[in-house]
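Read in order, the letters of the sequence shown are residues 0 to 272 in numbering that gives the first Met the number 0.
All remarks here apply to the structure that follows.
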Amino acid sequence: MKNLRSALSIGFAVLLLSLVGPATTEAQRSAGSYVQNFAGGTVLLATGDTIEGPISLHRTEDVVLVTMPNNTVSTLSAVAIQSFAVKGERLDRRRDSYYYDDFYDARRGYYYGNPAFYNMPPPRHREQPDTSLVRVFRTYRWNHDNDYSDFKSPAFFEQLSNGPTILLRREALVQRPVSYGSPYGYGYGYGGAYPYGMPRSTGYYTEIKDNFYLGTPQGNVLPLRNPKKDLLAAFPKQARQIDQYAKENKLSYTNARELAFLVNYANSLAKPQ
Numbered sequence: 000m001k002n003l004r005s006a007l008s009i010g011f012a013v014l015l016l017s018l019v020g021p022a023t024t025e026a027q028r029s030a031g032s033y034v035q036n037f038a039g040g041t042v043l044l045a046t047g048d049t050i051e052g053p054i055s056l057h058r059t060e061d062v063v064l065v066t067m068p069n070n071t072v073s074t075l076s077a078v079a080i081q082s083f084a085v086k087g088e089r090l091d092r093r094r095d096s097y098y099y100d101d102f103y104d105a106r107r108g109y110y111y112g113n114p115a116f117y118n119m120p121p122p123r124h125r126e127q128p129d130t131s132l133v134r135v136f137r138t139y140r141w142n143h144d145n146d147y148s149d150f151k152s153p154a155f156f157e158q159l160s161n162g163p164t165i166l167l168r169r170e171a172l173v174q175r176p177v178s179y180g181s182p183y184g185y186g187y188g189y190g191g192a193y194p195y196g197m198p199r200s201t202g203y204y205t206e207i208k209d210n211f212y213l214g215t216p217q218g219n220v221l222p223l224r225n226p227k228k229d230l231l232a233a234f235p236k237q238a239r240q241i242d243q244y245a246k247e248n249k250l251s252y253t254n255a256r257e258l259a260f261l262v263n264y265a266n267s268l269a270k271p272q
């Protein structure tokens with residue numbers, strides 16, 4: 000638990016210093032509650048106290064269940080939590096091995112060319128899943144992507160980068176249609192399609208979707224629906240440098256790890272000289 004406490008304290012200090020779901024469609028619809036289970040975790044409560052134990056994270060409901068030493072279960076909503084760190088995630092076959100990344104270097108501010116990491120080798124992708132890595136989640140008040148609402152409620156976001164502007168991630172289960180002619184189907188129906196050229200749906204498959212956001216020093220949450228366009232819009236004075244940096248280092252705006260490096264680089268450009 001020492002590493003978990005350290006991750007929370009370091010990240011929380013960064014925040015101090017720097018400081019409902021989508022509509023159902025035919026192409027994508029909610030797949031119900033998404034629960035992740037972790038062998039261990041440390042929760043920093045809104046009161047400043049901490050509790051430890053195995054954790055179940057109910058992402059859809061923004062609720063954490065902590066199994067206490069006496070085997071009782073403490074149920075905590077986002078309003079009661081400042082942040083929490085977890086490790087020992089149960090493997091999910093829907094994720095590839097690259098997903099199991101703790102973003103430790105990115106949370107420390109790493110990006111290619113950062114002089115603070117000059118004597119350190121660049122981090123590498125892990126070839127095998129390593130669920131012993133520590134992941135950090137923080138609570139932000141959020142409008143649940145309803146741009147026309149001023150109502151915000153506490154919600155959990157995973158921290159992927161350093162600050163003062165922080166790359167955040169929320170994951171959700173979505174169901175997508177399986178149709179004739181798709182990689183999951185068996186060709187097209189009579190006449191090639193139905194109606195008006197639309198492929199015939201044969202059912203649905205479930206996948207995990209990453210949604211990226213920026214957490215501002217003021218505590219606001221900005222969605223990155225189009226990560227490249229929206230990130231550059233968030234740093235308008237540095238946009239040309241950021242995009243050139245991405246091209247030179249062959250970084251993708253849609254890869255979580257590489258996007259975290261881009262946010263760290265953007266922060267470095269935005270610092271007062």
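In this text, a Cβ means the ideal position worked out from N, Cα and C, and glycines have one as well.
| said: Taking its Cβ as the centre, do 16 or more other Cβ atoms sit within 10 Å of Ala105, making it buried, or is it exposed? | reply: buried
| query | Run through DSSP, which three-state label would Tyr111 get? | reply | coil
| field | For Val262, three-class secondary structure by DSSP | value | helix
| query | Excluding five sequence neighbours on each side, which residues of the same chain lie with their C-beta closer than 7 Å to the C-beta of Tyr264? | reply | Tyr110, Ile241 and Tyr244
| query | Considering Lys86, what are the terminal residues of the beta strand (DSSP E) in which it resides? | reply | Ile80 to Glu88
| Comparing alpha-carbon positions, which option in Val133, Arg168, Pro122 and Val262 lies nearest Tyr139? | Arg168
| request: Could you tell me if Phe260 is buried or exposed, where buried requires 16 or more neighbouring beta carbons within 10 angstroms of its beta carbon? | output: buried
| query | Which residues in the same chain have their Cβ closer than 8 Å to the Cβ of Leu44, if we skip the five residues on either side of it in sequence? | reply | Ile50, Leu75, Ala79, Ile80 and Gln81
| query | At a cut of 8 Å, does the segment 210–220 reach the segment 152–165 through at least three beta carbon pairs? | reply | yes
| Cβ-based burial, Tyr252 [other Cβ within 10 Å; buried from 16] | buried
| query | Is DSSP giving Arg137 helix, strand or coil here? | reply | strand
| Considering only C-alpha positions, which residue in the set Lys208, Ala154, Lys86 and Lys151 is nearest to Arg311? | In the structure as shown, the chain begins at 0 and stops at 272. Residue 311 is therefore absent and cannot be evaluated.
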